[in-house]
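In terms of full-length UniProt numbering, the sequence shown has 93 at position 93, counting the first letter as 1, and numbering is strictly consecutive.
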Amino acid sequence: MARNATKRRHSGDQSIDTDRNHELVMDSTGGDSSGPAADVRSRLCPYLDTINRGVLDFDFEKLCSVSLSQINCYACLVCGKYFQGRGIGTHAYMHSVSVGHHVFLNLDSLRFYCLPDNYQIMDSSLDDITYVLNPTFTTQDIAALDTGAHRPSIAFDGTA
């Protein structure tokens, strides 16, 4: 828990620790770094099989589908919609809880997160998604565009 934690009392004398800086700490470190258990959990996300690559289209403007904000935008990798934030009460968090979609991509940092558990997912099987979001081309690739040679291509979802 960070230094700025406070305690609030609720009915029934239950004390709840609140920390307004916790999400900022998690964003700056790339996940909850509470030891080896957090690292194992981030590599063994049970929701990776729910990613639907067929609905992912990163050609749209990166803004929240609810608030229309461009700040701190995440892509839901299950339905393809964009949502703002990942902390409790944000649009992405509410989407994960209400619809059951758990895997999100931060469109600025290109880091993957599991919500509502809020841990970073580190898995090499997601590298193709980050490539499609920000493709890179060599000078030879660009020069080949001018030759007019037809090169067969395959879409992200596997169709020609």
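We put the CB at the ideal spot given by N, CA and C, even for glycine.
- By the CB criterion at 8 Å, Ser65 and Phe83 fall inside the cutoff.
- One thing to note: Tyr93 has its Cβ no nearer than 8 Å to the Cβ of Gly100.
- The alpha-carbon separation between Ser96 and Ala144 amounts to approximately 43 Å.
- DSSP links Phe83 through a beta bridge to Tyr74.
- Contact annotation: Arg53 and Asp123 have beta-carbon atoms that are not nearer than 8 Å.
- Tyr131 and Ser67 have their C-alpha atoms some 27 Å from each other.
- One Cα belongs to Thr50, the other to Cys76, and the distance between them is close to 11 Å.
- Val103 and Cys79 do not touch by the CB rule: their CB atoms are close to 11 Å apart, not below 8 Å.
- Excluding the 5 residues flanking it on each side, Lys62 has same chain C-beta neighbours closer than 7 Å at Gln70, Cys73, Tyr82, Leu107, in chain order.
- Counting the other Cβ atoms within 10 Å of the Cβ of Ile121 gives 16 or more, which makes it buried.
- By DSSP's assignment, Phe104 forms a beta bridge with Cys76, Tyr113.
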